[in-house]
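Chemist: Before we start, here is the structure in question, set down as structure tokens.
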Amino acid sequence: MKIEIRELTKDYGSFRALDKINLSFEEGMHGLLGPNGAGKTTFIRILSTLLPKSSGEVYYDGISVEDKKEIRKIIGYLPQEFSFYPGFTVYETLDYFASLSNIKLSKKEILDRLEMVNLQELWRAKTKTLSGGMKRRLGIAVAMVGDPEVLIVDEPTAGLDPEERIRVRNMLSQLGKTKTVLLSTHIVEDIALSCKSLSILNKGKLIYNGTVKDVIKRAEGYVWNLTLDYVEYLEYMDKYNIISTVVDGDKVSLRLLSNEKPAINATGVSPTLEDAYMILIKEAQIGCSAEF
1 MKIEIRELTK DYGSFRALDK INLSFEEGMH GLLGPNGAGK TTFIRILSTL LPKSSGEVYY
61 DGISVEDKKE IRKIIGYLPQ EFSFYPGFTV YETLDYFASL SNIKLSKKEI LDRLEMVNLQ
121 ELWRAKTKTL SGGMKRRLGI AVAMVGDPEV LIVDEPTAGL DPEERIRVRN MLSQLGKTKT
181 VLLSTHIVED IALSCKSLSI LNKGKLIYNG TVKDVIKRAE GYVWNLTLDY VEYLEYMDKY
241 NIISTVVDGD KVSLRLLSNE KPAINATGVS PTLEDAYMIL IKEAQIGCSA EF
């Protein structure tokens with residue numbers, strides 16, 4: 001399944017939420033990354049047929065997103081916020097949402113879908129008893145009820161503990177082996193560990209579209225480790241973009257961004273996706289190659 005976006009624009013009055021977005025992606029896990037307010041949710045709601053575009057085109061294997069009936073046959077969508085009837089069991093919830101989609105599932109088919117998200121042993125449990133991560137996994141099962149070719153998920157790991165985040169992330173990666181999965185998030189780690197390609201939005205503009213490997217390569221030579229005493233650290237806070245700090249007694253170890261070696265004892269280190277992401281956002285803010 002190939003998704004093509006051409007000159008996609010969305011305006012809310014005088015405010016432009018998406019500004020002439022052009023990109024395409026196919027089968028596998030594709031990440032959509034950006035800070036809060038970047039336009040990610042607007043973008044995926046348009047792709048999910050839930051929000052009309054102002055201009056531009058979106059196609060699924062040549063089918064326009066404006067053909068809602070056909071598009072909804074081939075996509076599954078998990079929004080950031082959703083809820084279930086608390087008195088329904090896990091089994092009843094999946095059966096109910098299948099009925100809403102005019103899909104008749106046998107008991108075996110429902111249990112098979114619950115097994116896919118590792119909830120088969122809880123099929124009789126009330127949804128009100130589920131943890132946040134379990135509800136997210138049930139949400140994925142609901143989105144996959146019609147076995148869609150495309151799965152679109154918005155912030156699926158937000159608010160989850162580390163163990164559940166890993167479970168959900170691994171589940172989506174598994175689905176990405178046979179389907180097109182679009183993962184929208186502001187959590188860089190989720191993209192780094194699950195997606196080969198990504199798009200980065202900032203203030204409604206597409207500032208990067210390519211592979212995770214290539215965007216990390218762009219950050220080489222910009223990332224440094226440096227150990228300082230606390231007084232020096234306070235001075236560096238005002239001068240550099242600091243990614244992380246580790247305090248050890250009266251010493252502070254910094255990971256920072258700089259296009260030049262920030263001190264004699266600074267050591268260059270291999271960049272991560274988070275480093276590259278911070279550089280791109282900084283460049284977008286100042287409108288040119290970043291100076292740190």
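If you count the sequence shown from 1, position 189 lands on 189 in the working numbering, and the numbers rise without skipping. Just so it is clear, CB atoms sit at the ideal spot from N, CA and C, and this is done for glycine as well.
#1: Report all residues from its chain with a CB closer than 8 Å to the CB of Ala284; omit the five preceding and five following residues, and keep chain order.
#2: Per the DSSP calculation, Ile242 is bridged to which residue(s)?
#3: Is the stretch 78-86 touching the stretch 54-69, taking contact as three or more C-beta pairs under 8 Å?
#4: Should the stretch 90-107 be regarded as contacting the stretch 36-44, the criterion being three or more beta carbon pairs within less than 8 Å?
#5: If you draw a straight line from the alpha carbon of Val150 to that of Glu115, how long is it in whole angstroms?
#6: For Asn225, which residues does DSSP report across the bridge?
#7: Would you kindly work out how many angstroms separate the C-alpha atoms of Phe292 and Pro271, rounded to a whole number?
#8: In whole angstroms, what separates the C-alpha of Ala158 from that of Thr129?
#9: Per DSSP, which one or two residues make a beta bridge with Val181?
#10: What residue range does the alpha helix (DSSP H) around Thr41 cover?
#11: Whose CA, out of Leu226, Arg72, Asp61, lies closest to the CA of Thr267?
#12: Would you list the one or two residues that DSSP bridges to Thr199?
#13: Could you check which residue in Ile46, Arg169, Gly76, Ile74 has the C-alpha nearest to that of Glu66?
#14: Determine which residues share a DSSP beta bridge with Glu57 and list them.
#15: Quick one: grab the DSSP three-state call for Glu291.
#16: Count Cβ pairs between the stretch 238-251 and the stretch 185-201 that sit closer than 8 Å; are there 3 or more?
#17: Quick one: residues in its chain with C-beta nearer than 7 Å to the C-beta of Ser24, no 5 flanking neighbours on either side, listed in chain order?
#18: When the distance is taken between beta carbons, is Val153 closer than 8 Å to Ser184?
#19: Work out the CA separation of Asp229 and Asn209 for me, nearest whole Å.
#20: Start and end of the beta strand (DSSP E) containing Ile296?
#21: Does any residue of chain D bring its CB to less than 8 Å from the CB of Leu201?
#22: Within a Cβ cutoff of 6 Å, which residues of the same chain sit near Ile191, ignoring the five residues on either side of it in sequence?
#23: Please tell me whether Gly76 and Met171 are closer than 8 Å, where the distance is taken between their beta carbons.
#24: Cβ atoms of Arg169 and Leu325: under 8 Å apart, would you say?
#25: Cβ atoms of Val188 and Tyr277: under 8 Å apart, would you say?
#26: Helix, strand or coil for Lys68, going by three-state DSSP, please let me know.
#27: In three-state DSSP terms, what is Val168?
#28: Note down the Cα distance separating Gln80 from Ala141, rounded to an integer number of angstroms.
Modeler: Short version:
#1: Taken in chain order, the residues that qualify are Asn202, Lys203, Lys205, Ile207.
#2: Leu256
#3: Between the stretch 78-86 and the stretch 54-69, the count of Cβ pairs shorter than 8 Å is below three; the stretches do not touch.
#4: no
#5: 20 Å
#6: Arg255, Thr267
#7: Model confidence at Phe292 stands at a pLDDT of 44, short of 50, so the residue's coordinates are unreliable and nothing is read from them.
#8: 19 Å
#9: Met29, Leu151
#10: 40-47
#11: The residue from Leu226, Arg72, Asp61 with its alpha-carbon nearest to that of Thr267 is Leu226.
#12: The sequence given here has Ser at residue 199, not Thr. Paired residue(s): Leu32, Asn209.
#13: Among Ile46, Arg169, Gly76, Ile74, the Cα nearest to that of Glu66 is on Ile46.
#14: Arg6
#15: Confidence is the limiting factor: at Glu291 the pLDDT is only 48, short of 50, which leaves the residue's position unreliable, though a coordinate-based value still follows. The three-state reading of DSSP puts Glu291 in coil, since its state is none of H, G, I, E or B.
#16: Taking 8 Å as the limit for Cβ pairs, the verdict is that the stretch 185-201 does not touch the stretch 238-251.
#17: Lys2, Ile3, Glu4, Ile5
#18: yes
#19: 40 Å
#20: Outside the shown range of the chain, which is 1 to 292, sits residue 296, and nothing can be said about it.
#21: Of the protein chains in the structure, only one exists, and it is not chain D.
#22: Gly31, Leu33, Leu198
#23: no
#24: As shown, the chain starts at 1 and ends at 292. That puts residue 325 outside it, with no answer to give.
#25: Yes. Within cutoff.
#26: helix
#27: helix
#28: 15 Å
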